[in-house]
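Residue numbers (numbering that gives the first Met the number 0), protein chains in the order written: chain S, 0 to 342; chain G, 0 to 342.
All C-beta atoms, glycine included, are put in the ideal place defined by N, C-alpha and C.
For clarity, every value in this text was computed on a predicted model and none was experimentally measured.
Have a look at the structure below, then the notes.
There are 2 protein chains.
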Amino acid sequence: MAVNLKQLAELLGLSQTTVSRALNGYPEVNAETRQRVLQAVRETGYRPNRAAQRLATGRAYSIGMVMPIAPGIDSDVHFGEFLAGLAEEAVKHDFHFVLNPSAPEDEEVTFRRLAASGNVDALFLAYMRANDPRIAMLKSLSIPFVVHGRSIGESRDYPFLDIDNTTAFYDAARLLIQLGHQRIALINGPEYLSFSMRRKKGMVRALAEHGLALDDALVEHSLMTDEHGYRSMQRFLQHVQPPTAVLCSSTVLALGAVRAINQAGLKIGDDISLIAHDDVLPMLKPENFSVPLTTTRSSLRAAGTRIATRLIGGILKRGDYPDQELWRAELIVRASTGPAPQK
Amino acid sequence: MAVNLKQLAELLGLSQTTVSRALNGYPEVNAETRQRVLQAVRETGYRPNRAAQRLATGRAYSIGMVMPIAPGIDSDVHFGEFLAGLAEEAVKHDFHFVLNPSAPEDEEVTFRRLAASGNVDALFLAYMRANDPRIAMLKSLSIPFVVHGRSIGESRDYPFLDIDNTTAFYDAARLLIQLGHQRIALINGPEYLSFSMRRKKGMVRALAEHGLALDDALVEHSLMTDEHGYRSMQRFLQHVQPPTAVLCSSTVLALGAVRAINQAGLKIGDDISLIAHDDVLPMLKPENFSVPLTTTRSSLRAAGTRIATRLIGGILKRGDYPDQELWRAELIVRASTGPAPQK
DNA sequence: ACGGATATCCAAAGCGCTTTGAGAGGAATT
DNA sequence: AATTCCTCTCAAAGCGCTTTGGATATCCGT
């Protein structure tokens, strides 16, 4: 039922060559002929066989990624949301994914296999760490890739898309300081991930500019789950001198933190202020919290879409995209921030 | 660098035909010859080119799925976890995924396109509703598929993997009744999804067996987010005659419910009992809740793995798997359930 | 010793596409 | 008028695999 190139060419009284060229945008084909071809494609519903294309061109029309499998990382809400963005864009170009799950310790092998398999045209890398060895590895693999996030300490000569975590948390902390807060806590993501480090750095910088220091007792690093947010906040509140404000690296963490605060009988935005980073997870909107959350916002999904665009553009050699992008997060003020309580 | 069949055959002094047959388990090849071939494969690291195989066989070595895009469904924790299971199994057989995002209203078109594209060997379907029209559609598509969940009202002649939701919630409700609870609430998933209906049914049945009825005011349906769990529970607690126990369709909902309960100053397992369905999400373990949760447990990830196994087995015509499976959830008692409070 | 199984192996024909290398025709140049 | 140069089109090779339809050799019973 499905037509192939040969039949299409016959139908048009043209050669396969010409039809193929017409479809793939080669210049040496009459404009009128091209129109006829396109028309016929529309009528017949012709779709090129991807396997054949791949065999002929060597291109796989698919992008590979390694799905980290480790408690708290895999099947992460954040991962799923990002994936949705990638997929949304990929499908427009009829691209596939090869999802390759792997334990973190086997990642290197997995990447190599993936690259060598010929099953993918490009790779995608995330969960960046400081001095991440995977970057050097990917460079050596001679296959295009894009990194979501940035390493630290590594030379910057690789393609990435990251958000400006430092500035985001700098801005957030500064707002709190302006509101009179002096003791600000941080519930951060895993310590070894570079975005966590940058966020902390931004916060430290803002404090320093006002002659304040970050109290180590007011910093917690953990996986970004509700439970961890809850426990971290509880710990802060038991402190002899509890914080009057807290920054959370995710709305998921904020969920737990809010719970702990409520449980302690404190009022958010009043007794204690809270700013969370918002990845724009559809299931967890900051405006739906009992007290709407002030956030630094940057859509994870949009990042996925953008990365897919760049990757695919690169493979198809269409369009020209910057190799490195740093997105600025928006600071959106809602009800969870208020002036520091007078003691 | 990578060897192909031709080179391998040359190396062995055999024809491509024989090598191919040896590799694909055809009988008409000498056992000794086969050993030689396998040895050579090991030494050279030969891996067949998937595009070529696909072109020759028509098999795509990939399974397609439509990723629902709608707030609260896409990038759902549950979806991600399930996907991880699928991926884990698929990669063992060098299978891909084609993730095709689609708005619910376009799903039918998307499925058709996917099936017609020749890019997938099988389809996967989830988020089943009552009288789900997609089943009839998939049957008409002449492409293998497996359903995660079951429809209701539809004839049962399609391949599925489901958990016994009815029994799970029947068991859970019965336990609560045995503990003396009479007013039991339900925080359920979306009303139109068949698993929600079945869970409610199970609960109703258990109550009925003890001469009790389910109070409509004690039932809430919603997306399975923390926020909805919280709001639902709050509503219940404001009731003139609040429940002494509650069933939650997900630990995510339980998260919110627990928050509401704590906030009301009630003690879980004491003033109010709670049982949640546990999909074994790594980021939300019932035993890590401030009061460990009694749950009905069934791993979503394992379900993903199983479905991939069946799908791939079917495509490769290897192994014989049951067409329909109904898994029983385990009822695991922890600290969140206790005798009904004496009034 | 011979026709017919049986066990192994092979040459060659595709699968559906892209791409190389040329050819035909007409316009422009000399 | 002859030559060059475009523009547009095509035939055919090839991507790496599976599979059809024989070959060839060995072995069986009679």
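- Using a Cβ-Cβ cut-off of 8 Å, residue 61 (chain S) is close to 95 of chain G, given in chain order.
- DSSP, read as helix, strand or coil, puts residue 63 (chain S) in strand.
- Taking a 10 Å sphere around the C-beta of residue 138 (chain S), we find fewer than 16 other C-beta atoms and assign the residue as exposed.
- Under the 8 Å criterion on CB atoms, residue 117 (chain S) is classed as interfacial with respect to chain G.
- Residue 297 (chain S) sits in coil when the DSSP states are folded into three classes, being neither helix nor strand.
- Across the stretch 35 to 50 of chain S, CB contacts with chain G closer than 9 Å involve 44, 46, 48, 49 and 50, in sequence order along the chain.
- Interface annotation, residue 225 (chain S): in contact with chain G, CB-CB separation under 8 Å.
- For residue 261 (chain G), the closest Cβ of chain S is nearer than 8 Å.
- Listed along the chain, the chain G residues whose CB falls inside 7 Å of the CB of residue 53 (chain S) are 50.
- In this structure, DSSP gives residue 132 (chain G) a helical state, which the three-state scheme calls helix.
- Excluding the 5 residues flanking it on each side, residue 12 (chain G) has no same chain C-beta neighbour closer than 8 Å.
- With the rule of 3 Cβ pairs closer than 8 Å, the stretch 312 to 331 of chain S counts as touching the stretch 286 to 299 of chain S.
- Counting along the chain, the unbroken beta strand (DSSP E) around residue 277 (chain S) starts and ends at 272 to 277.
- Using a Cβ-Cβ cut-off of 8 Å, residue 100 (chain S) is close to 83, 86, 87 and 90 of chain G, given in chain order.
- Annotation note: the stretch 90 to 176 of chain S contains the following uninterrupted alpha helix (DSSP H) runs of length 4 or greater, listed N- to C-terminal: 106 to 115 and 132 to 139.
- For residue 245 (chain S), the enclosing beta strand (DSSP E) covers residues 244 to 247.
- Contact annotation: residue 268 (chain S) and residue 245 (chain S) have beta-carbon atoms that are not nearer than 8 Å.
- Short of 6 Å from the beta carbon of residue 158 (chain G), and not among the five residues preceding or following it, lie these beta carbons of its own chain, in chain order: 145 and 322.
- As the crow flies, the alpha-carbon of residue 127 (chain S) is around 15 Å from that of residue 324 (chain S).
- Not a single C-beta of chain S is nearer than 8 Å to the C-beta of residue 108 (chain G).
- Counting only residues of its own chain and dropping the five nearest sequence neighbours on each side, residue 106 (chain G) has a CB closer than 8 Å to the CB of 65, 67 and 133.
- Counting other Cβ atoms within 10 Å of its Cβ, residue 302 (chain G) reaches 16 or more and is therefore classed as buried.
- Distance from residue 28 (chain G) to residue 21 (chain G) at the Cβ level is roughly 5 Å; contact confirmed, criterion being Cβ atoms closer than 8 Å.
- Inside the stretch 204 to 273 of chain S, DSSP marks whole alpha helix (DSSP H) runs of 4 or more residues at positions 225 to 237 and 250 to 262, from first to last along the chain.
- For residue 118 (chain G), the number of other beta carbons within 10 angstroms of its own is at least 16, and it is reported as buried.
- At least one beta carbon of chain G lies nearer than 8 Å to the beta carbon of residue 79 (chain S).
- Interface residue (Cβ-Cβ distance to chain G less than 8 Å): residue 254 (chain S) is classified as such.
- Residues of the stretch 259 to 287 of chain S with a C-beta atom less than 9 Å from some C-beta of chain G are 261, 262, 280, 281, 282, 283, 284 and 287, listed in chain order.
- For residue 186 (chain S), the closest of S:227, S:121 and S:92 by C-alpha to C-alpha distance is S:227.
- By the Cβ neighbour-count rule, residue 141 (chain G) is exposed, with fewer than 16 other Cβ atoms within 10 Å of its own.
- By the neighbour-count criterion, in which 16 or more other beta carbons inside 10 Å mark a residue as buried, residue 16 (chain S) falls on the exposed side.
- Distance from residue 177 (chain S) to residue 211 (chain S) at the Cβ level is roughly 12 Å; contact not present, criterion being Cβ atoms closer than 8 Å.
- In the DSSP assignment, residue 323 (chain S) falls within the unbroken beta strand (DSSP E) covering 323 to 326.
- Going by beta carbons, residue 175 (chain S) and residue 274 (chain S) fall inside the 8 Å limit.
- In this structure, DSSP gives residue 83 (chain G) a helical state, which the three-state scheme calls helix.
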